[in-house]
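J.: If you're matching positions, the sequence shown starts at 1 in UniProt numbering and goes up one per residue. Ideal placement from N, C-alpha and C gives every residue a C-beta, glycine not left out.
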Amino acid sequence: MGKPKNRSSLHVPSDRGPRQNFDITVNDLQRLMETRGANAVKYLRECYGGIQGLCTKLKTSTHNGLSGTDLPDRREVFGTNVIPPKPPKGFCVLVWEAIQDVTLIILIIAAFVSLALSLYTKYVDAEAAGDETESEAGWIEGVAILGAVLVVVLVVAFNDWSKERQFRGLQNKIESDHKFAVIRNGQLEQLPVSDILVGDICQVKYGDLLPADGILVQSNDLKIDESALTGESDQVKKSESKDPILLSGTHVVEGSGRIVITAVGVNSQAGIIFTLLGATEEDQSRKKSGSISKGQDGVEAGRGKKKGGVKSNPLETVPEAEALTNKTEGQSEEKKKKKTRVRKEKSVLQTKLTKLAIQIGYAGTVIAVLTVFILVLKFSILTFAVEQQHWNTSKHLKRLVGFIITGVTVLVVAVPEGLPLAVTLALAYSVRKMMDDNNLVRHLDACETMGNATAICSDKTGTLTTNRMTAVQCYVGEQHYRTLPTASQLPNLTSELLLQGIPINSGYTSKVLPPPQPGGLIIQVGNKTDCALLGFVNSLGGNYETVRQEWPEEQLYKVYTFNSVRKSMSTVIRDSKGGFLMFTKGASEMVVKRCKWILDADGKPKPFSDADQEILTRSVIEVMAGDGLRTICLAYKRFTTAPSGMPNEVTSPQEPNWDDEDAIISDLTCLAIVGIEDPVRPEVPPAIRQCQEAGITVRMVTGDNVNTARSIATKCGILQPGENFLVMEGQEFNRRIRDKTTGQVKQELFDKVWLNLRVLARSSPQDKYVLVSGIIKSRAGPTRQVVAVTGDGTNDAPALKRADVGFAMGIAGTDVAKEASDIILTDDNFTSIVKAVMWGRNVYDSIAKFLQFQLTVNVVAILVAFIGAAVVSDSPLKAVQMLWVNLIMDTLASLALATELPTPELLKREPYGRTTPLVNRMMIKNILFHSLYQLAVILSLLFAGEYILEVDSARASVEHGNSRPTQHFTSIFNTFVLMTLFNEMNARKIHGQRNIFSGLFRNWIFVVIWISTFILQILIVQFGGYAFSTKALDIDQWMWCLFFGIGELIWGQLIICIPDSIIPECKKKPTVKPGEVEEEEEEEEDIEAEPSGIPSEEETAVKGQILWIRGLNRLQTQMQTLKVVNAFRMGLDARYDRDQRKSLSAIALKHRQSASLDYADADNSVEPAQQQSAHEMDTIMHQANR
């Protein structure tokens, strides 16, 4: 097994010390893990005497696991299951990145030129200075601009640094929540994956992502998906006798088992790949130095060197490494030809912000260029044409530089650069608060997307119900028991088979424990259906633990584990007579159809015809289902070597062919039908009512019987009496939506079904995917749908990824489902989804509030600068003043408005939807009329300020190039800031509410920021001087400024009275290019196509960038606008998934996500496995080399 070339920062075993405590070395284990299949079995047997011999050398027990006394020695010798994270960027690095912004560089250059000219005028060409005071203080403007730029850069760097810390904290939370089942001291424990050590005995089950390498100790029908490492999509069967090697980064798709851990951390397969890609600090620095070319880096990084006395084997000898490294040639051509699509449609907010940012960028650029052009043109005409002056470098160049500074500053103000910060703050604040509401958000954009959700496709079990299942009815011996019987009431043979079969044919990890306190509820551990049946055994008077001790898991001859295709589980044991006894349980409709016999009231088998099955279904199964019970059929089948006289036994001298599953699980004998109750959570019906009031349609998607599903849906409120909504099974659903000749899903057929569909029963994960994908693509409803979906199984991953927001179950969900999701419900409760909707709408509103406030500020500022340039030859708002307004007001206002808490009224209005403009008619009305008020006040003060404020006019002096601070222009600046401050109060309510102070003191951040800004403004006006181009105002002038500022509140109340209809509604007919039409048609044909497993180029590129690292930088040019667009495209995973994951399991999760669960819009063509693997490696190497 290969190891990284440089390992000084990683764990390297030592030849001395605790190594002597073990009879096996890391190198020995590496050589073992390099073998595969039958070779691995042979090598294990010849070198170690089998799995028991290996465990002896590792000083562990296959049953009891590690004793816990030598854990420090194991960490020292074999390492820990973590990979050192890449160190975060230092503050100085963030400062350097922040200062790379083009417009900031222009401002810095202009400030230095202005400073140099001021000093030149003062010391070299004093005659050109004119006013002596101006000459003495002329340098202050340049220094002030430099100071303002420094503050901008520091604020940007600090925000990036703080976001880095917050995102790392969130990642640590996600990692710490990821635990694995480990046996230590004979007890099954759930340990963080980072605590797993070599020698640990771990239990693996369906849906698990393996956090470390291991060798099978015992298995039941175990199948592994190794496509993340090999590129082969076929599931690999694992067993102790054929292929016992399990690798980290792969996941269990079927079965269960126990493994002994043989490699952790950087020595495991995922660790080797991670170090191969240069994820460690040394690999990164080596790449930067260019010592290894991109083409060789992947191979060189894995070549072994002697280090600390241990010689690593070449990485190329590892099959998975060969699969990853040898298939990259010629892939670039393939990538160019391959049609790529994004993972999902961009979130609603991303789409709207992208459009808005581009529009603002155009407008800001045009106005800035016009401002500079008018200033330069007017100055040139007056100076050189009218006044006939000759060129004076120190004098005239300084004026031109001042004009450029003004233009650049207008450009700075034009685009709301506080917008990325407002978005990030609103999302991050909500994410932190949502943790308290049992929502662990994995991708930031999912938070705001939930605010636009119009449909929720929810699971039943555990989400709408309590997931505390209890057997309450049964049908045994031709009698329907409404209350559970005791064993004495049943025939002896029947009760014996039930008491033996149920404990054996259920997950051995499932247990029913006594309540912690007398009179409390019993504790159910593991699969809840199994727990209900084990409770049924206890109620009959049996003891399931005694049966399991008699039949330990290692003695089970064959296990057919439950999956979504079988919908049943079967376990085979060898009986005392040399024959076999098989127990089966599963969905009643499925198992009953496989039964040919049934035990009668005397416990004797009698024929069970199709007609009898139909009678049983109608009289028992449907009756139980009508009561909301899940029905489970219990059956058995006995294989004998000699005739026994029992008609229901299968006699054969040879052992049955266990691979012929259809033949094995047929001609069964029905033992019982058990009705299991899973009560509806009491808080769910009110939550669903809230959703319906909020304009969200809730649909139930379940694998249960249609009658059970209908009953539960009625209790939840999904179905209302008298409503004409559809309840159908998956089979009927597919019949209605698929073309009868081609069998493909057709969107026009789908559109006839989904609008009225409320319950989809007996559905498969594929059905769920088709439903979610079809609703998202449909345009049949009044608006395009934004769909959220819940899931817990591995097969739910495609639907979770396809949905606009995927919710995974934190308790019942598998690792793969969690990795495919956007939000993890830590309590598996539907009410947490409703809270996510409320927080999502609050995020959307917070951003809309900031936009309304910020756009008003920007419109007024740039128009004042433009009008000043055109009329007065200078802007009454100086460059430093606009930087103050732009930076401090933006940053503080974004923080103040982004931290508003949600209110219940958010759930009493319709969702915004995909097509509603971000800046709606009401916001446009507010922006327009508030801007008109502020412009009217400022222009009145500009042209009549000397009469209103009783000050000397500054217009004439400005036209003659005199830039000394005046009370006239200071009053304009002060009035503008105060009007902006009071308008910030108005911006708190954007839906026409009159009481703008409602809930004000619940948001203490807003109050503190508002008061702090007011105090800072007073200090700037009274003591800013030349640095801020201000002159102290007297009390009368302050009163006038306050009067105009408070007038904003009164004006806001008047604006509410104006109907929104005065703003014309812009209805634009969408234009579709021919290529887009073809793509839409193609998507409709492939609506049921699941992800192919190959990440798209765009997704790969996005993951290679860093989230929000340029979030606050100036967005004054179109290049900057595109940066914002890219930033909005990224979710939280782009920030920390790539290089800040610590635990090996997290790395495996990420690799698994990108390699196996592709995107719903991916191309349908199925590529050969080798092309798939090559594309995966090319994508991964592209990420690493970036």
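#1: Can you list, in chain order, the residues of its chain whose CB lies under 7 angstroms from that of I1009, leaving out five sequence neighbours each side?
#2: To the nearest angstrom, how far is the alpha carbon of P319 from that of V182?
#3: Grab me the residues of E900's own chain with a C-beta within less than 6 angstroms of its C-beta, minus the 5 sequence neighbours each way, in chain order.
#4: Spell out a yes or no on whether the region 658–667 and the region 696–708 are touching, meaning 3 or more CB-CB pairs, one atom from each, closer than 8 angstroms.
#5: If I'm right that L800 touches A820 with Cβ under 8 angstroms, what's the distance once you round it to whole angstroms?
#6: Which residues mark the beginning and the end of the beta strand (DSSP E) in which E189 is found?
#7: For W597, which residues does DSSP report across the bridge?
#8: What is the rounded straight-line gap between the Cα of I224 and the Cα of Q489?
#9: If I measure Cβ to Cβ from P486 and keep anything under 8 angstroms in the same chain, skipping five residues before and after, which residues do I get?
#10: Nearest-angstrom Cα distance between L191 and F180?
#11: With a 10 Å radius around its C-beta and 16 neighbouring C-beta atoms as the bar for buried, classify G295 as buried or exposed.
#12: Are at least three pairs of beta-carbons, each pair with one atom in the region 967–976 and one in the region 1012–1030, less than 8 angstroms apart?
#13: For D221, which of helix, strand or coil comes out of DSSP?
#14: Rank R548, K715, P911 by C-alpha distance to the C-alpha of Q692 and give the top, closest one.
#15: Reducing DSSP to helix, strand and coil, say where R165 ends up.
#16: Are the region 803–822 and the region 454–467 touching by the rule of at least three beta carbon pairs closer than 8 angstroms?
#17: Within 10 Å of its beta-carbon, does P72 have 16 or more other beta-carbons around it, so buried, or fewer, so exposed?
#18: Pick helix, strand or coil for T470, following the three-state DSSP scheme.
#19: How about R399 and F379: are their beta carbons less than 8 angstroms apart?
#20: State the DSSP-derived secondary structure class of H251, mapped to helix, strand or coil.
#21: Look at the Cβ atom of N494, then the Cβ atom of G603, and state whether they are nearer than 8 angstroms.
#22: If you follow the beta strand (DSSP E) that N439 is in, where does it begin and where does it stop?
#23: What residues in its chain sit with their C-beta under 7 angstroms from that of R955, if we drop five residues either side in the sequence?
#24: Within the same chain, show all residues whose beta-carbon is closer than 6 angstroms to that of E448, passing over the 5 residues directly before and after it, in chain order.
#25: Using a threshold of 8 angstroms, state whether the C-beta atoms of A368 and A414 are closer than that.
#26: In whole angstroms, what separates the C-alpha of G402 from that of I108?
#27: What's the C-alpha gap between L150 and Y769?
#28: In terms of residue numbering, what span does the alpha helix (DSSP H) encompassing R574 cover?
#29: Taking V885 and A1027 to be in contact with their CB atoms under 8 angstroms, please state how far apart those CB atoms are, rounded to whole angstroms.
#30: Of the choices A111, L599, A116, L1054, whose alpha-carbon is the least far from that of L146?
#31: Determine the direct distance from the alpha carbon of M985 to that of M838, and round the result to whole angstroms.
#32: Where does N527 land, buried or exposed, given buried means 16+ other C-beta within 10 angstroms?
#33: DSSP on I615, reduced to helix/strand/coil?
#34: Let me confirm a value: S510 is counted as buried when at least 16 other C-beta atoms fall within 10 Å, else exposed. Which label applies?
#35: Using C-beta distances below 6 angstroms, list every residue in its chain close to K746, excluding the 5 sequence neighbours before and after it, in chain order.
#36: Using the C-alpha atoms, what's the distance from A270 back to F78?
T.: This is what the structure holds:
#1: L892, L895, A896
#2: For P319, the predicted model reports a pLDDT of 40, less than 50, meaning its position is unreliable and no value from the coordinates is stated.
#3: S846, N1003
#4: Proximity of the region 658–667 to the region 696–708 falls short of the contact definition, fewer than three beta-carbon pairs being nearer than 8 angstroms.
#5: 4 angstroms
#6: 187–192
#7: P607, T669
#8: 44 angstroms
#9: Before going on, a small fix: residue 486 reads as Thr here, not Pro. These residues qualify, in order along the chain: S539, L540, G541.
#10: 5 angstroms
#11: A caution first: G295 carries a pLDDT of 35, below 50, which makes its placement in the model unreliable, though a value can still be read off. Exposed, by the Cβ-count rule.
#12: yes
#13: strand
#14: P911
#15: Correct three-state label for R165: helix.
#16: Yes, the region 803–822 is in contact with the region 454–467.
#17: Looking at its Cβ environment, which holds fewer than 16 other Cβ atoms inside 10 Å, P72 is exposed.
#18: strand
#19: It is a contact, given that the beta carbons lie within the stated cut-off.
#20: strand
#21: The sequence shown places Thr at residue 494, rather than the Asn named in the question. Yes, Cβ-Cβ distance for T494 and G603 is below 8 angstroms.
#22: 439–441
#23: If we look at R955 and ignore the five residues flanking it on each side, its Cβ neighbours are V872.
#24: L349, G840, V843, Y844, listed in sequence order.
#25: Against a cut-off of 8 angstroms, the Cβ pair of A414 and A368 comes out as a contact.
#26: Those two C-alpha atoms are separated by around 13 angstroms.
#27: 51 angstroms
#28: R574 -> not in any alpha helix (DSSP H); beta strand (DSSP E) instead, spanning 568–574.
#29: Rounded to whole angstroms, the Cβ separation of V885 and A1027 is 15 angstroms, and the two are not in contact under 8 angstroms.
#30: A111
#31: 22 angstroms
#32: Buried.
#33: helix
#34: Around the beta carbon of S510, a 10 Å sphere encloses 16 or more other beta carbons of the protein chains shown; the residue is thus reported as buried.
#35: D739
#36: 16 angstroms
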